[in-house]
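Trainee:
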Amino acid sequence: MLYKQCLLSPEYIHSEIENVFSKNAQFKSINRKYFETPQCTQLSELVLGTIHNLKCNDILLICDSSCPKISGSYINNVYFNVSKHESIHKLFLPGTFLQRYEKEGAFIVLPGWLDKWQDNLITTNSYNKMHSFSLIEKYSHILVLDTGVHSNLIAKAEDFSRSMGMPFKVLDVGMEHFTMFLEKLILQWDADRKNNRLKLCDSKIASYAMSIDFIKKIADNKDEASTIEAICKLFSTMFAPKNVIYHSFHDNVIITDYQKSETISGTERPSLMEFKDSDQNYILFESVKGFAIKISITEEVLGIVEVLDIELPQHITEYISVAYDLAKVSGLAISNTRRYHRISKAKEEKTKLADMLQITNRILRHDIANDLQAITWALDLLQESNNDKAKNDKFMSIIRSSAKKSVSLISNMQEFDITSGSGQKFVPIDVKKLVKVAISKHDANFSVKGNCTVMADKAMSSVIDNIISNAVIHGRANKVEISMEQINNKCSICIADNGIGIPDEVKPRIFDEGFKHGNTGNTGFGLFITKKTVERCRGSINVQDNIPHGTKFIIELPSENLDDHILQGT
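Printed below as a string of structure tokens:
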């Protein structure tokens, strides 16, 4: 909004003010607004309501002793000046003259006051419903101050005199005294405005310098939490509050990231979501002597800072100006950290996909090519065997083994593709159901205890199946115990077998890509893919010795009780 000044005064000096403005060109840009003199109890409401409706940055109010008490120099973000006088009459005649006339028993009035004298008398409690007047008991005559800008003055004075039952006199005061007063008042008002703007500019320069220094300090921050902490410490240093609280917004979810003190005084703090969705950039807290301000970039609100119980609340107007500049810089800093994490995440995803393609190509070029070469070689020998049964059986075994290995590799690569791909949604999965499907494929003694639900995707079935298959086929176990237990927000899955176990020197490598151990080792990708799947579902897996012998795998995964019931895979 462009800078705009407004003068607000009683209606009964309307003509005198307009007379001064008509003769002074430098005042013509100032808007004028006049109010009728109401009951004293309504004056505060009337004046404040008028201020609220005026589209001005700077308001000057001229009023008498009935003027409302207004705390502070700002109302609704408008600079506010009050020129309060014991009597408006003193603006037209020096006080010493007025005192002399009052001692002589004069009831002093202005011409504009006579236009609505009955209403004006009501405000002084000198005129009641029975039309009985108390003026005659206090005054001996009426004195009308003639400013020279009103017509029919004598007729109005005579009407008032007859009604009061008192004689009247007219004193020619002219406009000279009032003109000097009003011109001085407006010039002083303008000087104060310029002085205040100068102070504001100095404050802006200081806050900009501080903002630049702040940007330098957090320029290398790549972590949002450390950036938020730096922001809150800066607000704490600037405004000396007892408490600073920072609330982040992530997809309309509020997270309190920082709180200087655990104690929060006052209860008159509005809803954060209501403030976030409002057009206001900040709100003031009267009960807790503080404010809240939005941290935003363009139209996106990234967070809200609450500054509570500031040490010098009388300077809160100046504080808001500085805080607004800091909030803009803070919004840029938070936006940069979030953008950095989005870019980093995209790079990680790109690297992961590139690694997957590299692994796939290596398997296709090496392992499956070798298997096909072995099959071709066995077929050639089979053709030359002259129906030798022993040789035929041997060659057929080589063909079956190589084909089976290739099929297993292709199956593992399909699982690996699911594990490495992006955009998979995590949904609640019943672990016990996965276990029942896996154990139905094997001939062993199984024990299943407990149950829990995990947040995962369809690749989780291969995790359970692969560990159980390894236990029975490679570990030569004939007994497998599977237990499931929910602990806090996690599901713990334990798969323990009585097989041959895994040597200690081998344990650190069993999850490595392509690692094989023992004569029954197949592709070397099964446990590698298992670990990748568990980690993608934000879980963990480790291996231990089972007592007295065998192997125990422990998997921990987020349960469905997490706040994010359906998460986007990363």
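Sequential numbering of the sequence shown, starting at 50, is according to this note's numbering.
Every residue gets a Cβ at the ideal spot worked out from N, C-alpha and C, and that includes glycine.
Quick caveat: nothing in here was measured; it's all calculated off a predicted structure.
#1: Going by beta carbon distance, what residues of the same chain come within less than 6 Å of L576, once the five residues before and after it are set aside?
#2: Any chance you could list the beta strand (DSSP E) runs of at least 3 consecutive residues sitting entirely within the stretch 499-580, in chain order?
#3: I need the straight-line Cα distance from C586 to R246, nearest angstrom please.
#4: Taking the straight line between their C-alpha atoms, what separation do you get for I365 and R387?
#5: Contact check, A206 vs L163 under 8 Å by CB: the rounded distance?
#6: Identify which residue in N292, D300, M322 has its Cα closest to the Cα of Q308.
#7: At which residue ranges does the stretch 206-236 contain complete alpha helix (DSSP H) runs of 4 or more residues, listed in the order of the chain?
#8: Can you give me the C-alpha to C-alpha distance between K481 and I522, rounded to a whole angstrom?
#9: Could you pull out every unbroken alpha helix (DSSP H) segment of at least 4 residues lying fully inside the stretch 265-325, listed in chain order?
#10: Which word fits M179, buried or exposed, when buried means at least 16 other C-beta atoms lie within 10 angstroms of its C-beta?
#11: What first and last residue would you give for the alpha helix (DSSP H) that runs through L18?
#12: Whether or not the stretch 538-555 and the stretch 593-612 are in contact is what I'm after, with contact meaning three or more pairs of Cβ atoms, one per stretch, closer than 8 Å; do they touch?
#13: Consult DSSP for N448 and reduce its assignment to one of helix, strand or coil.
#14: How big is the Cα-Cα spacing for K498 and S532?
#15: How is the beta strand (DSSP E) around F602 delimited, first residue to last?
#16: Could you give the distance in angstroms between the alpha-carbon of D208 and the alpha-carbon of F217?
#17: What does the Cβ neighbour count give for C112, buried or exposed, with the cut at 16 atoms within 10 Å?
#18: Quick one: Cα of K396 to Cα of E433, how far?
#19: Could you check the C-alpha separation between N169 and S78 for me, to the nearest Å?
#20: Below 8 Å, can you find three or more Cβ-Cβ pairs linking the stretch 356-363 to the stretch 335-343?
#21: Output the boundary residues of the beta strand (DSSP E) element that contains Q593.
#22: Taking the continuous alpha helix (DSSP H) assigned at Y61, which residues delimit it?
#23: Do C540 and C501 have their C-beta atoms within less than 8 Å of each other?
Mentor: To lay it out plainly:
#1: Looking up residue 576 in the sequence shown gives position 527. Cβ within range, chain order: I559, F560.
#2: 502-505, 528-536, 539-546
#3: Here residue 586 corresponds to residue number 537 of the sequence shown, with the count starting at 1. Here residue 246 corresponds to residue number 197 of the sequence shown, with the count starting at 1. Cα to Cα, the separation comes out at about 58 Å.
#4: The sequence position of residue 365 within the sequence shown is 316, counting from 1. The sequence position of residue 387 within the sequence shown is 338, counting from 1. In a straight line, the C-alpha of I365 is about 31 Å away from that of R387.
#5: If you number the sequence shown from 1, residue 206 lands on position 157. If you number the sequence shown from 1, residue 163 lands on position 114. About 7 Å separates the two Cβ atoms, so the contact holds.
#6: Within the sequence shown, residue 308 is the residue found at index 259, counting from 1. Of N292, D300, M322, the residue nearest in Cα terms is N292.
#7: none
#8: Residue 481 sits at position 432 when you count from the first residue of the sequence shown. Residue 522 sits at position 473 when you count from the first residue of the sequence shown. Between K481 and I522, the C-alpha separation is close to 21 Å.
#9: 273-288
#10: Numbered from 1 along the sequence shown, position 130 holds the residue referred to as residue 179. The predicted position of M179 is uncertain, since its pLDDT is 40 and thus under 50; no value can be drawn from it.
#11: With the chain running from 50 to 619 in the structure shown, residue 18 is simply not present.
#12: yes
#13: Stepping through the sequence shown from its first residue, residue 448 is reached at position 399. Note on identity: in this sequence residue 448 is Ile, with Asn being the wrong assignment. I448 falls in the helix class under three-state DSSP.
#14: The residue given as residue 498 occupies position 449 in the sequence shown. The residue given as residue 532 occupies position 483 in the sequence shown. For K498 and S532, the distance between alpha carbons rounds to 5 Å.
#15: Position 553 of the sequence shown, counted from the start, is the residue given in the question as residue 602. Segment 600-607, the beta strand (DSSP E) holding F602.
#16: Position 159 of the sequence shown, counting from 1, holds the residue named residue 208. Position 168 of the sequence shown, counting from 1, holds the residue named residue 217. For D208 and F217, the distance between alpha carbons rounds to 10 Å.
#17: Working through the sequence shown from its first residue, we reach residue 112 at position 63. Flag for C112 reads buried.
#18: Taking the sequence shown and counting its residues from 1, the one referred to as residue 396 is at position 347. Taking the sequence shown and counting its residues from 1, the one referred to as residue 433 is at position 384. Going by the C-alpha atoms only, they are around 55 Å apart.
#19: Numbered from its first residue, the sequence shown carries residue 169 at position 120. Numbered from its first residue, the sequence shown carries residue 78 at position 29. Roughly 31 Å separates the two Cα atoms.
#20: yes
#21: One-based indexing of the sequence shown puts residue 593 at position 544. Counting along the chain, the beta strand (DSSP E) containing Q593 begins and ends at 589-594.
#22: In the sequence shown, the residue the question calls residue 61 occupies position 12. Segment: none, Y61 is in no alpha helix (DSSP H) and carries neither H nor E.
#23: In the sequence shown, counting from the first residue as 1, residue 540 sits at position 491. In the sequence shown, counting from the first residue as 1, residue 501 sits at position 452. Yes; because the gap between Cβ atoms is below 8 Å, this pair is in contact.
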